[in-house]
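The block underneath contains the structure these notes are about, expressed in structure tokens.
Number of protein chains: 2
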Amino acid sequence: MDLVDELRSIVGADFVVTRRDQMQQYLLDETPQAVKPVAADNVIVVKPANASQVSDILKLANRTKTPVFPRGGGTSTVGGPIPTSDGIVLSLERLDRLIEIDMENLMVVAEAGVTMETLLRAVEAKGLLFPPHPGDEGAQVGGIIACNAGGSRAVKYGIVRNYVKGLEVVFPTGEIVTMGGKLLKNNTGLDLIHLMIGSEGILGVITKAVFRLYPRPAMTAVLLVSFAERHAAVAAVPKVLQAGIIPLAIEYVERDIIEISARHLGLTWPAKTGDAHIIFTVDGSNEDDVYGQCQRIAEVCDANGAVDTLFAETKQEQDAILKMRNELYGVLMPDLAESLDLDVPPARVADFLDAVERIAVQYGSRIPNYGHAADGNLHPHLMMDLQQRELLWTVKDAIYEEGARLGGIVTAEHGVGRSRRVYFDRYTDETSKQLMRGIKQLFDPNNILNPGAAIT
Amino acid sequence: MDLVDELRSIVGADFVVTRRDQMQQYLLDETPQAVKPVAADNVIVVKPANASQVSDILKLANRTKTPVFPRGGGTSTVGGPIPTSDGIVLSLERLDRLIEIDMENLMVVAEAGVTMETLLRAVEAKGLLFPPHPGDEGAQVGGIIACNAGGSRAVKYGIVRNYVKGLEVVFPTGEIVTMGGKLLKNNTGLDLIHLMIGSEGILGVITKAVFRLYPRPAMTAVLLVSFAERHAAVAAVPKVLQAGIIPLAIEYVERDIIEISARHLGLTWPAKTGDAHIIFTVDGSNEDDVYGQCQRIAEVCDANGAVDTLFAETKQEQDAILKMRNELYGVLMPDLAESLDLDVPPARVADFLDAVERIAVQYGSRIPNYGHAADGNLHPHLMMDLQQRELLWTVKDAIYEEGARLGGIVTAEHGVGRSRRVYFDRYTDETSKQLMRGIKQLFDPNNILNPGAAIT
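Residue numbers (the numbering used here), protein chains in the order written: chain A, 364 to 819; chain B, 364 to 819.
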């Protein structure tokens, strides 16, 4: 029996796609064109219904040494799920049961293929909160765990890692293992759950997860604070935190960039003065609490050089500000060669912005740069002109070198995927790389899972 | 040159202890007598001054295949650091520099031998907070990371894992590796930091750490809520969380046990009615905030069967309540054979308390049981009479079996150490154990680091 027949016998003929014209959407992700990996020619898309079928597929692949590319929502911006060698795309889309929202334990149990949109709406409907919020709600449960997704709410609530309490994983050799559970503390041996989180599909296939939930804050508010220039803006952030306020999100944007987004959306950026802006989103249990936090933030920023503070009173005003910020990537995307994802110590954010600006001037380009200020997580956007002038890699080299000089790392939240392997390799010590490769070999002796991604 | 001479040449003669009568405190920890492992006969205590000396010691040990037992504050309750075979006790006590409290990045950098007491006081003096608080402030930085320490504040702030942003680690083969840094997001490859956290000294020696800090809350308050019986008490906990309040700590105690502690301390347990009590500790940015939270908790508990609510107004009243709770372990210790550390889903806490009580009745003993209610983390205390009647292991078997039946695990916060290996082995699947052993072999090919502990 050939591979396709065997796959059909596992999942049923309806769930094996072999015609290229029917699988285009499984060969792509959200990676910008200039660095998007090219899918291999001979790919089979398989859609299992449950962990047991995933196990059978992996056993078959392991026996025949066939590469397997696990796929969630396809929202990677670094080519994570793209099948770069002949093999099987393993789409988790049919594992889409939101199994339970457990109100007594404050946990949600969901299969890997549940989208963030479904999960967030279901949790909200119960009056609860799943705190992390990666930008694209098309992302799926398995993917956000495999990539330890971040997003803007990490200031207060941290990244996805902090919320994963249980996992069901199918290992490359076919074993189905349940780890953890509805448990808030767990120190039983080496922590395989935390090793799976952020492993980018190279160690095992996540089929189910248990997440911790939080109460939903009664209210949120948005405060837009303007500074004459970036150093004053960035310096104000730790002062706010030191004053005892932990906003939900602290986003940094500059006027020239955000006004591109505003124009595109037919909106007006409401800040009348200043070139450097911080958008504070605050949550709380009642109006007094939230207004009190906003007032305190405004006071601290005033005392630290703010030139204007704008409190978004209505939901409409709040939404407009956040929309201009959130649509930035989409607005820039058509001319984008690549978006980077460095993390630097939060206090070095302004220095890093300066450095990227110097590089932009040096190479006669424009590099829009914005991000999650309090996390030190910035996204320099390299535009198509650099690609056209064959300067993309030169400029990237320069930016990563500046990031490293400031104590930073290659990727904060998007992961290594396929498009950042060369920089991961350059900035990671040999001992760590050897240990990572050793772990990969231990979990996946025939190297069938997502070859070409992350550390592989 | 023999081993002792080589060690002297690395750290200096003053820092190698070979006389048994001078090393007694290095052969012990806080494990209760009945299950405390016995130290081997031929032990050398070595006290390096820095990571480079740690590296030289590990290279020597690796070459000579000499077991090495890394040691922090010796506050383990599961025999974690006890040298159960001939070899080297590696005390990190001289790596005691608190290197920096970085106010701009809100991070603290400390060597492995810094005690929690030193760290907490230094951070407080800067108006900041290191959120986790393991019970014993004699614990050291390296130890709380290697054991992923928990404690009561985990309800709001989580465990130590959430705060570790950078590590310096010396691997068994001598390489010194720096991981992460003053970075809040980091997805660069398989996460070796999170693999080191909770690894109980079997994968590498932690020599330095970077922790994230938080603003210090302006105020805390203590609320003691009484219920007629445990099921009502435990059922009220998720209602409080669902109402949007996340207390710093939610501790559960029963009258008959807490009154032993009160009598011992010459204090009076202030709750006049009810047998099941929950101690809520709440923090906030001002008086209104904290009182508002307390009032809301009281309302929710009233609506869910509370028979009495006592607000500890003065610092003295607060301290007295927390002291009676915190001293429970010390009060019970003289007659204690072993304290367990299971975690169950939070909603099963009352069922687990019932199960342990049934077992106590069945075997004619008394098993004080209390713990971190919201975390599902309970500490059944097995007393000496069980040991004397040779029932200790029978009763433990029964308790762990009930824990597993309720979806629980063997150890929530204390770790496997030496005293819980048999139960870790019993309740962990073969695939996970094989992977853990494979990781151990990868990191430590000659099995020199802490042999006999955790999964080894």
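Ideal Cβ placement from N, Cα and C applies to all residues, glycine included.
- Got a sec, what are the start and stop residues for the alpha helix (DSSP H) G655 of chain B sits in? The residue given as residue 655 of chain B occupies position 292 in the second sequence. Note, G655 of chain B: alpha helix (DSSP H), E650 to A666.
- Task: Find out if the Cβ-Cβ distance for the pair V616 of chain A, Y692 of chain A is shorter than 9 angstroms.
- Result: By 1-based counting over the first sequence, the position of residue 616 of chain A is 253. By 1-based counting over the first sequence, the position of residue 692 of chain A is 329. In this structure, Y692 of chain A does not lie closer than 9 angstroms to V616 of chain A by Cβ.
- Please say whether G450 of chain B and V406 of chain B have beta carbons closer to each other than 9 angstroms? Here residue 406 of chain B corresponds to residue number 43 of the second sequence, with the count starting at 1. Here residue 450 of chain B corresponds to residue number 87 of the second sequence, with the count starting at 1. Contact check for V406 of chain B against G450 of chain B passes: the beta carbons are separated by less than 9 angstroms.
- Inter-stretch contact (C-beta, 8 angstroms, three-pair minimum) for the stretch 420 to 438 of chain A and the stretch 533 to 552 of chain A: Taking 8 angstroms as the limit for Cβ pairs, the verdict is that the stretch 533 to 552 of chain A does touch the stretch 420 to 438 of chain A.
- Quick one: which residues of the stretch 759 to 790 of chain A get their C-beta closer than 8 angstroms to a C-beta of chain D? List them in chain order. Among the protein chains of the structure shown, namely A and B, there is no chain D.
- Query: Skipping 5 residues on each side, what residues in its chain have a beta carbon closer than 6 angstroms to that of N813 of chain B?
  - Reply: As a first step, residue 813 of chain B is located in the second sequence; it is residue number 450 there, counting from the start. Within the same chain, N813 of chain B has close Cβ partners F432, G564 and I565.
- Message: Let's see if you can read the secondary structure: which residues bound the beta strand (DSSP E) around Y615 of chain A?
- Response: Residue numbering aside, residue 615 of chain A sits at position 252 when the first sequence is read from its first letter. Per DSSP, Y615 of chain A belongs to the beta strand (DSSP E) from A612 to E617.
- Message: With H, G and I counted as helix, E and B as strand and the rest as coil, what does DSSP make of H777 of chain B?
- Response: The sequence position of residue 777 of chain B within the second sequence is 414, counting from 1. Coil at H777 of chain B, not helix or strand.
- Query: How big is the Cα-Cα spacing for H627 of chain B and M687 of chain B?
  - Reply: Looking up residue 627 of chain B in the second sequence gives position 264. Looking up residue 687 of chain B in the second sequence gives position 324. The straight-line gap from Cα to Cα measures roughly 9 angstroms.
- Min CB distance N732 of chain A to chain B below 9 angstroms: For this step, residue 732 of chain A is matched to residue 369 along the first sequence. Contact with chain B is absent for N732 of chain A, since none of that chain's Cβ atoms lies less than 9 angstroms from the residue's Cβ.
- Continuous beta strand (DSSP E) stretch holding D419 of chain B: start and end: As a position in the second sequence, residue 419 of chain B is number 56, starting the count at 1. Per DSSP, D419 of chain B belongs to no beta strand (DSSP E); it is in the alpha helix (DSSP H), A414 to T427.
- Beta-carbon of R516 of chain B versus every beta-carbon of chain A: anything under 9 angstroms? Against the second sequence, residue 516 of chain B aligns to sequence position 153. False, the Cβ-Cβ gap to chain A never drops below 9 angstroms.
- Message: Rounded to whole angstroms, what is the Cα-Cα separation between A596 of chain B and A512 of chain B?
- Response: In the second sequence, the residue the question calls residue 596 of chain B occupies position 233. In the second sequence, the residue the question calls residue 512 of chain B occupies position 149. Take the alpha-carbon of A596 of chain B and the one of A512 of chain B: they are about 26 angstroms apart.
- Task: Answer with yes or no whether the minimum CB distance from V471 of chain B to chain A is below 9 angstroms.
- Result: Translated into positions along the second sequence, residue 471 of chain B becomes position 108. Not one chain A Cβ lies under 9 angstroms of V471 of chain B.
- Residues bridged to L491 of chain B by DSSP? Working through the second sequence from its first residue, we reach residue 491 of chain B at position 128. Answer is B:P578.
- What is the rounded straight-line gap between the Cα of H496 of chain A and the Cα of Q503 of chain A? In the first sequence, residue 496 of chain A corresponds to position 133, counting from 1. In the first sequence, residue 503 of chain A corresponds to position 140, counting from 1. C-alpha of H496 of chain A to C-alpha of Q503 of chain A: approximately 12 angstroms in a straight line.
- Task: Indicate whether L611 of chain B and Y526 of chain B have their beta-carbon atoms separated by less than 9 angstroms.
- Result: In the second sequence, counting from the first residue as 1, residue 611 of chain B sits at position 248. In the second sequence, counting from the first residue as 1, residue 526 of chain B sits at position 163. Going by C-beta atoms, L611 of chain B is not nearer than 9 angstroms to Y526 of chain B.
- Check whether H744 of chain A and L695 of chain A have beta carbons under 9 angstroms apart: As a first step, residue 744 of chain A is located in the first sequence; it is residue number 381 there, counting from the start. As a first step, residue 695 of chain A is located in the first sequence; it is residue number 332 there, counting from the start. The answer is yes: Cβ separation under 9 angstroms.
- Item | Host alpha helix (DSSP H) of L695 of chain A (start-end) | Within the first sequence, the letter at position 332 stands for residue 695 of chain A. Its alpha helix (DSSP H) spans residues L691 to L695.
- Alpha carbon to alpha carbon, what distance is there between Q681 of chain B and Q416 of chain A? For the purposes of this step, residue 416 of chain A is taken as residue 53 along the first sequence, with counting starting at 1. For the purposes of this step, residue 681 of chain B is taken as residue 318 along the second sequence, with counting starting at 1. For Q416 of chain A and Q681 of chain B, the distance between alpha carbons rounds to 56 angstroms.
- Message: Just to confirm, is the Cβ distance from I642 of chain A to L586 of chain A under 9 angstroms?
- Response: Residue mapping note: residue 642 of chain A aligns to position 279 of the first sequence, counting from 1. Residue mapping note: residue 586 of chain A aligns to position 223 of the first sequence, counting from 1. Going by C-beta atoms, I642 of chain A is nearer than 9 angstroms to L586 of chain A.
- Task: Take the Cβ of G505 of chain B as the centre, count every other Cβ of all protein chains shown within 10 Å, and call the residue buried at 16 or more, exposed below.
- Result: Mapped onto the second sequence, residue 505 of chain B falls at position 142. Answer is buried; the Cβ neighbour count reaches 16.
- Message: For A723 of chain A and E614 of chain A, what's the separation of their Cα atoms in angstroms?
- Response: The residue labelled residue 723 of chain A in the question sits at position 360 within the first sequence. The residue labelled residue 614 of chain A in the question sits at position 251 within the first sequence. The alpha-carbon separation between A723 of chain A and E614 of chain A amounts to approximately 22 angstroms.
- Show which residues of chain B have a CB atom less than 9 angstroms away from the CB atom of S702 of chain A. Counted from its first residue, the first sequence places residue 702 of chain A at position 339. Against chain B, a Cβ distance below 9 angstroms from S702 of chain A picks out nothing, because the smallest value is about 15 angstroms.
- Item | Reference D339 of chain A, options A:S515, A:T429 and A:T636, closest by Cα | Since the displayed chain A opens at 364 and closes at 819, residue 339 of chain A lies outside it and no answer follows.
- Inter-stretch contact (C-beta, 8 angstroms, three-pair minimum) for the stretch 392 to 412 of chain A and the stretch 441 to 449 of chain A: Counting Cβ pairs under 8 angstroms, three or more are found: they touch.
- Which same chain residues, not among the five before or five after E369 of chain A, have their C-beta less than 6 angstroms away from its C-beta? The residue given as residue 369 of chain A occupies position 6 in the first sequence. L423, listed in sequence order.
- Query: Quick one: what's D704 of chain B bridged to in DSSP?
  - Reply: Position 341 of the second sequence, counting from 1, holds the residue named residue 704 of chain B. D704 of chain B pairs with B:T774.
- Message: Counting only C-beta atoms, is P743 of chain B closer than 9 angstroms to chain A at any point?
- Response: Here the question's residue 743 of chain B lines up with position 380 in the second sequence. Not closer than 9 angstroms to any Cβ of chain A, the Cβ of P743 of chain B fails to qualify, so no.
- Within 10 angstroms of the Cβ of M364 of chain A, are there 16 or more other Cβ atoms? Answer buried if so, exposed if not. Numbered from 1 along the first sequence, position 1 holds the residue referred to as residue 364 of chain A. Counting Cβ neighbours within 10 Å, M364 of chain A comes out exposed, since fewer than 16 surround it.
- Step through the CB atoms of chain A and report whether any lies within less than 9 angstroms of the CB of A414 of chain B. For this step, residue 414 of chain B is matched to residue 51 along the second sequence. It does not; no Cβ of chain A falls within 9 angstroms.
- Message: Do V486 of chain B and A572 of chain B count as a contact pair if the criterion is CB distance below 9 angstroms?
- Response: Stepping through the second sequence from its first residue, residue 572 of chain B is reached at position 209. Stepping through the second sequence from its first residue, residue 486 of chain B is reached at position 123. Annotated as distal: A572 of chain B and V486 of chain B, with beta-carbon spacing of 9 angstroms or more.
- Where the alpha helix (DSSP H) through Y520 of chain B begins and ends: Position 157 of the second sequence, counting from 1, holds the residue named residue 520 of chain B. Taken as a continuous stretch (DSSP letters only), the alpha helix (DSSP H) holding Y520 of chain B covers A517 to Y520.
- Query: Expressed to the nearest angstrom, what Euclidean distance is found between the alpha-carbon atoms of E720 of chain B and L492 of chain B?
  - Reply: In the second sequence, counting from the first residue as 1, residue 720 of chain B sits at position 357. In the second sequence, counting from the first residue as 1, residue 492 of chain B sits at position 129. For E720 of chain B and L492 of chain B, the gap between their C-alpha atoms comes out near 38 angstroms.
- Message: Which complete alpha helix (DSSP H) runs does the stretch 594 to 643 of chain B hold, if anything under 4 residues is left out?
- Response: If we require 4 residues or more, the alpha helix (DSSP H) runs fully inside the stretch 594 to 643 of chain B come out as 618 to 628.
- Would you verify that the beta carbon of V540 of chain A is, or is not, closer than 9 angstroms to some beta carbon of chain B? Start at 1 with the first residue of the first sequence, and residue 540 of chain A comes out as number 177. Yes, because at least one Cβ of chain B sits closer than 9 angstroms to the Cβ of V540 of chain A.
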